[in-house]
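Student: Sharing a structure, written as structure tokens. Questions coming.
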Amino acid sequence: MAMAIKWSSLYHIPLFCWCLCFLLNPAVCLQNETDRLALTSFKDAIQKDPFGVLGSWNESLHFCDWNGVSCSRRHHHRVVRLILSSQGLVGVLSPHIGNLSFLRRIDFRNNSFYGQIPQQIDRLHRLQDIDLSNNSFQGNIPANLSRCSNLLYLNFIDNELVGNIPAELGSLQKLEALGLAKNNLTGGIPASMGNLSSLWQISLRRNSLQGQIPEEISQLGLRLLIFGENYLTGEIPYGLFNISKLETFEVDSNQLHGIIPSDIGLTLPNLSSLLLSVNMFTGPIPISLSNASALQQIVIVYNEFSGSIPRGFGMLPDLEILNFAFNQLQDDLSFIDYLTNCSNLIILGLRANFLKGTLHNAIPVGIENLVHLRFFLFGGNYLSGHIAIDFGKLPLLELLDLGSNKFTGKIPSSIGNLSFLTRLYLGFNNLHGSIPPSLGSCHNLNELELFHNNLSGSIPRQIMGLSSLSVSLDLSSNALTGPIPSEVGSLTTLLRLDLSNNRLSGTIPNTIDKCLSLQILDLQGNSFQGEILAGFGALRGLQEVDISRNNFSGKIPSSLSQLNGLIYLNLSFNQLQGEVPKQGIFLNASAISLMGNGILCGGITEMKLPSCLIMNPKKNGLSLALKVTIPVVAATILSALLVGFIIFWHWQRISRKKNISMPSFDDHQFLRVSYAELFKATDGFSMANIIGVGSYGSVYKGLLEQIGKQVAVKVLNLQRRGASNSFISECQALRTIRHRNLLKLLSVCSSIDFEGNDFKALIYEFMVNGNLDKWLHAHNAREDGQEEESGNLKLIDRLNIAIDVATAIDYLHNGRSSIIIHGDIKPSNVLLDEQMTAHIGDFGLAKIVASISGEIQQYQSSSTAIKYGLGDPASKEGDVYSYGILLLEMFTAKRPIDESFKEDLNLHTYVERNISDRVMEIVDPRIEFEDGGESFKECILSVMRIGVECSREQPGERMKMGDVTSELTRIKGSYLKQNLQQGRRNAYSGGPSTSRY
């Protein structure tokens, strides 16, 4: 019986205590009940408790014994701490939390709270520490937090808070740490922040804050200042450089400008982290930084710093990151010899500067002493000579970037000793020899880019069998031979495989169907043969496939039509034949290319292929459709012959007078259009339908009834000298070429008008978005006398158009048995369809050159050549020059000879003189900063450099169009990839991870 009483008493201890409490001290008991009810309300607002942390919150225990709850004995068991971090809790924060009046610390970080931070939190006058970071709180920051006058630590980092930073927070005199990073805050940084006299760390990274940094903040004794990834403008207040206690100074990814004080290393002697990246800072790198002996990282990428690299950085023993990429620095890299004492150096980045050097001094031997180096970024400079490094002495290297230089010699086999290597970039150099099989020992490699070199030999099986490759394997534009090794099936996680423009041969291994993650496959420009593998249908992730310019034969496998994610398919210039499928991507004529094959039939109507009933009659006799079709075809052919005879006779009569000849056309490829039909289609060649006027005639918009769609009709002004020659040139150039980026010629009309005059016209597909010139320049006068605003093209639109035009020119120069020189590449001759795909038109100045002779007649009437005063003959190099100017015009929105140019200045020299230090000042301001600026500036700089290289005065110094296409495609891929990776930052400060370097 005694035992039973004992257990019963224990069970009812809480109830007994409450009763005793009310008897002895009712006021205290009521206060405790208030805390209990507040906690119960808090629990009721929680929707998910995956770890059961709130399971103990019940009547069997006193609330002071509940998980995460701490009480003070001195204050009659009042709740003073509520710590529930990293418990996976989902729910809203109950406003009853404001009733825990003795609460000093709240720690709910790393959960999934949502909704607004309750206003009732202002009742917590004893609160010293509140941490709500890494949740999903929304709404504004409560301004009445200023009533919590004892706050020391406020951390709302990584939520979804909006609105301004309340100026009232400036009254929190005891506040030591303020964390508001990684939210959606707008407005400016309140000047009242300068009143936080106790503040020593402030983190506002990754918001949308604007305006200037308040000078008042200079009054604080800060040790940590993180304002990166906002939209702050102006110069850094000079007073910030006098906060001698400052250790972390991060203002990267803003729109700040100015010169960094030369004595920064003396006024900030305790500095350990300096991040100034992605701004517009100019001037030299301060030499005094070497006096800040605690420096661990200096990151100033994407600015306009110039001059040489200070040699004193070798005096910084704790230096881990030194990244000066994408600036205008000029040096010979001898400074690396001074870094030999920086044994902790992890990242050394100098990509995309103006560094030069040859062989013995291009990469100093001293770099081999940096045994902890993990990121070696020297791509995009002007370094030459052999790559003379024993990479075995850099065992921790993860990223090696030497691409886009002028290195020669062979790829060092010692790279194979880098067991931690994940990314290797050696593209765009002059390396030769074979690919070292030792690279197959890099078992952590996920990106390998060796494109645009002079590499020869076969693809090592060790490379193709490297199962770690998951992002990209790019061996394009080399001189590789032999088949694709069957080990390609090991690349089960690879996203992109590019072996284009080599000399590879043989059949595609069946094992490729194991590359289940493959999204992009580019095998164009080789000598592959055999049938297209039906196994491609197993690669469900494929988005882009290009196997053009090979020797594939047989039928198009229907399995390609089952790839639902496929958005681009190029099968052109092979030996394919048979029926074209009518499912999947084959329902979108603009997404595929089939030109230059054998006898293909069927497909959707837009492909304009012959019927397979005609091409493949039944073995047991003619089908009914064929019996019906033959007379129709015969009648059509007879009619065509009759019309052709009349046209031939007419041209013979004219040619006797003018000594010119009419080019021949395959009748089944072109419409038969009469003058009367064109007259009707254009409303009698009405002025209202004119959409363009050129040197040799006018272009009209019309609705051609026989095909039921709009066309563009170019009517030649035969009274203009050279018009007939222009007509012949355009006919000869367009009669056999087919490319998705060339304006499609639908028909030619050579006839007599209603008054008996000679009439010549070319009929094209109508481009609904007009020409590129109208998108770049506001020059069309309206009826009210004002100028019509031109449209706006985003950066990605301009990149796509630039690639489209480059691809088309490369096809004209290199994709055929004969070379076609366009001779008049300019924005008004670039037409844009409904999807903004670019098509080159106006071949009136084109010249066809037999590739076997390599001889090109002198032809100096190109409007482009005359405009720039270069007098180039019609040549590939002349087209490249015109393209380079077009590229610069697209990204600056300035015409080739702009009215603002004076003396000897033209578009080429204008960009060349400004690209080093003011590239962001000359770019078309209408191009939106779609990614916060980092990848934007890199992309602009890279494209401008291509434009400058293509428009060099000496033809031999200009880029090849194949190289231009590949480089622009790489730039676009890099730009899109950097945008996808932009969100990865450090959890607390929002600081950039090493992946961005």
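Numbering (this note's numbering), first residue to last: 450 to 1446.
Backbone N, C-alpha and C fix where the C-beta goes; we use that ideal spot for every residue, glycine too.
Fair warning: this is a prediction, and the values are worked out from it, not measured in the lab.
1) Between the alpha carbons of H526 and N481, how many angstroms are there, rounded?
2) Taking DSSP as the reference, what is the three-state secondary structure of Q1427?
3) Using CA atoms only, rank isn't needed, just tell me which of T1286, I758, R1121 and F827 is closest to Y1017.
4) Alpha carbon to alpha carbon, what distance is there between I1364 and K1421?
5) In three-state DSSP terms, what is I555?
6) Could you tell me if Q577 is buried or exposed, where buried requires 16 or more neighbouring beta carbons within 10 angstroms of its beta carbon?
7) Under 8 Å: do the stretch 857–872 and the stretch 1399–1406 share three or more Cβ pairs, one atom per stretch?
8) Rounded to whole angstroms, what's the CA-CA distance from Q1427 to V1164? Just pull it up for me.
9) How far does the beta strand (DSSP E) with E993 in it reach, from first residue to last?
10) Taking 8 Å as the limit between beta carbons, can you name the residues of its chain near T930, skipping five residues before and five after?
11) Going by DSSP, what residue range makes up the beta strand (DSSP E) through G906?
12) For W506, which three-state DSSP category applies?
13) Check whether the Cβ atoms of L653 and I675 sit closer than 8 Å, and answer yes or no.
14) With a cut-off of 8 Å, do at least 3 Cβ pairs link the stretch 619–630 to the stretch 641–653?
15) Could you compute how far the alpha carbon of K1316 sits from the alpha carbon of Y1145?
16) Under 8 Å: do the stretch 692–708 and the stretch 660–680 share three or more Cβ pairs, one atom per stretch?
17) Which whole-angstrom value describes the C-beta separation of L533 and F512, a residue pair presumed to lie in contact below a C-beta threshold of 8 Å?
18) If you drop the 5 nearest sequence neighbours on each side, which residues of the same chain put their C-beta closer than 8 Å to that of L486?
19) Taking the alpha-carbon positions, what's the N975 to S1123 distance?
20) Mind pulling the beta strand (DSSP E) runs of 3 or more residues that sit fully within the stretch 954–1001?
21) Checking the sheet assignment: what are the DSSP bridge partners for E1050?
22) Excluding the 5 residues flanking D923 on each side, which residues of the same chain have their C-beta closer than 6 Å to its C-beta?
23) In the DSSP assignment, what are the bridge partners of Y602?
24) Checking the sheet assignment: what are the DSSP bridge partners for S722?
25) Mind listing, in chain order, the continuous beta strand (DSSP E) runs of no fewer than 3 residues lying wholly within the stretch 836–871?
26) State the Cα-Cα distance for the pair S519 and I495, rounded to the nearest angstrom.
27) According to DSSP, is S887 part of a helix, a strand, or is it coil?
28) With DSSP as the reference, identify every bridge partner of S585, one or two as the case may be.
29) Spatial neighbours of Y1330 within its chain, please: CB distance less than 6 Å, with the 5 preceding and 5 following residues excluded, ordered by chain position.
30) Out of I1139, K1158, L1049 and G1143, which one is the CA nearest neighbour of K1150?
31) When the Cα of P567 is compared with those of F586, R575, S561 and E1387, which residue comes out closest?
32) Could you check the C-alpha separation between F1203 and A1130 for me, to the nearest Å?
33) Spatial neighbours of Q1032 within its chain, please: CB distance less than 6 Å, with the 5 preceding and 5 following residues excluded, ordered by chain position.
34) With Y913 as the anchor, note down where its alpha helix (DSSP H) starts and where it stops.
35) Whole angstroms is fine: what's the gap from P934's alpha carbon to Q779's?
36) According to DSSP, what are the bridge partners of Q1159?
Tutor: Straight from the coordinates:
1) Walking along the sequence shown from the start, residue 526 turns up at place 77. Walking along the sequence shown from the start, residue 481 turns up at place 32. Whole-angstrom Cα-Cα distance: 7 Å.
2) As a working note, residue 1427 is residue 978 in the sequence shown. Q1427: helix per DSSP, three-state reduction.
3) Here the question's residue 1017 lines up with position 568 in the sequence shown. In this structure, T1286 is the residue among T1286, I758, R1121 and F827 with its C-alpha nearest to the C-alpha of Y1017.
4) What you label residue 1421 is simply residue 972 of the sequence shown in a count that begins at 1. What you label residue 1364 is simply residue 915 of the sequence shown in a count that begins at 1. Answer to the nearest angstrom: the Cα atoms are 19 Å apart.
5) What you label residue 555 is simply residue 106 of the sequence shown in a count that begins at 1. Three-state DSSP puts I555 in a strand.
6) Locating residue 577 in the sequence shown gives position 128, where the first residue counts as 1. Buried is the call here.
7) no
8) Along the sequence shown, read from residue 1 onward, the residue named residue 1427 stands at position 978. Along the sequence shown, read from residue 1 onward, the residue named residue 1164 stands at position 715. If you draw a straight line from the Cα of Q1427 to the Cα of V1164, it comes to about 47 Å.
9) Within the sequence shown, residue 993 is the residue found at index 544, counting from 1. First-last of the beta strand (DSSP E) with E993: E993 to D995.
10) Taking the sequence shown and counting its residues from 1, the one referred to as residue 930 is at position 481. The residues are S905, G906, S907, N951, R952, L953 and S954.
11) Your numbering for residue 906 matches position 457 in the sequence shown. In the DSSP assignment, G906 falls within the unbroken beta strand (DSSP E) covering N903 to G906.
12) The sequence position of residue 506 within the sequence shown is 57, counting from 1. DSSP places W506 outside both helix and strand once states are collapsed to three, so it counts as coil.
13) For the purposes of this step, residue 653 is taken as residue 204 along the sequence shown, with counting starting at 1. For the purposes of this step, residue 675 is taken as residue 226 along the sequence shown, with counting starting at 1. I675 is positioned such that its CB atom lies closer than 8 Å to that of L653.
14) yes
15) The residue you call residue 1316 lines up with position 867 of the sequence shown. The residue you call residue 1145 lines up with position 696 of the sequence shown. Model confidence at K1316 stands at a pLDDT of 34, short of 50, so the residue's coordinates are unreliable and nothing is read from them.
16) yes
17) Position 84 of the sequence shown, counting from 1, holds the residue named residue 533. Position 63 of the sequence shown, counting from 1, holds the residue named residue 512. That belief does not hold up - the Cβ atoms of L533 and F512 are roughly 14 Å apart, past 8 Å.
18) For the purposes of this step, residue 486 is taken as the residue at position 37 of the sequence shown. The answer, listed in chain order, is H545 and N548.
19) As a first step, residue 975 is located in the sequence shown; it is residue number 526 there, counting from the start. As a first step, residue 1123 is located in the sequence shown; it is residue number 674 there, counting from the start. Roughly 43 Å between the two C-alpha positions.
20) With a minimum length of 3 residues, the unbroken runs of beta strand (DSSP E) contained wholly in the stretch 954–1001 fall at 969–971, 976–980 and 993–995.
21) As a position in the sequence shown, residue 1050 is number 601, starting the count at 1. A small correction: the amino acid at residue 1050 is Cys; Glu does not occupy that position in the sequence shown. The partner list for C1050 (beta bridge, DSSP) reads E1028.
22) By one-based count along the sequence shown, residue 923 stands at place 474. Here the set comprises E898, F900 and D947.
23) The count along the sequence shown starts at 1 and reaches residue 602 at position 153. In the DSSP output, where bridge partners are listed per residue, Y602 has D578 and A626.
24) Counting from one through the sequence shown, the residue named residue 722 turns up at place 273. DSSP, once it has assigned bridges, lists T697 and Q746 as partnering S722.
25) 848–850 and 855–857
26) The residue given as residue 519 occupies position 70 in the sequence shown. The residue given as residue 495 occupies position 46 in the sequence shown. About 19 Å.
27) One-based indexing of the sequence shown puts residue 887 at position 438. Helix, per DSSP.
28) Mapped onto the sequence shown, residue 585 falls at position 136. Beta-bridge pairing links S585 to Y563.
29) Reading the sequence shown from its first residue, position 881 is the one you call residue 1330. For Y1330, where only same-chain residues beyond five positions count, the Cβ hits under 6 Å are S1400.
30) Residue 1150 sits at position 701 when you count from the first residue of the sequence shown. It is I1139.
31) Looking up residue 567 in the sequence shown gives position 118. For P567, the nearest C-alpha among the options comes from F586.
32) In the sequence shown, the residue the question calls residue 1203 occupies position 754. In the sequence shown, the residue the question calls residue 1130 occupies position 681. Near 15 Å, if we compare the C-alpha coordinates of A1130 and F1203.
33) As a first step, residue 1032 is located in the sequence shown; it is residue number 583 there, counting from the start. Closer than 6 Å at the Cβ level, and outside the excluded window around Q1032, lie S1010.
34) The residue given as residue 913 occupies position 464 in the sequence shown. Reading off the sequence shown, one finds Met at residue 913, where the question assumed Tyr. It spans R910 to M913 - the alpha helix (DSSP H) in which M913 sits, taken as one unbroken run.
35) As a position in the sequence shown, residue 934 is number 485, starting the count at 1. As a position in the sequence shown, residue 779 is number 330, starting the count at 1. Approximately 43 Å, taken between the alpha carbons.
36) Within the sequence shown, residue 1159 is the residue found at index 710, counting from 1. According to DSSP, Q1159 bridges with L1152.
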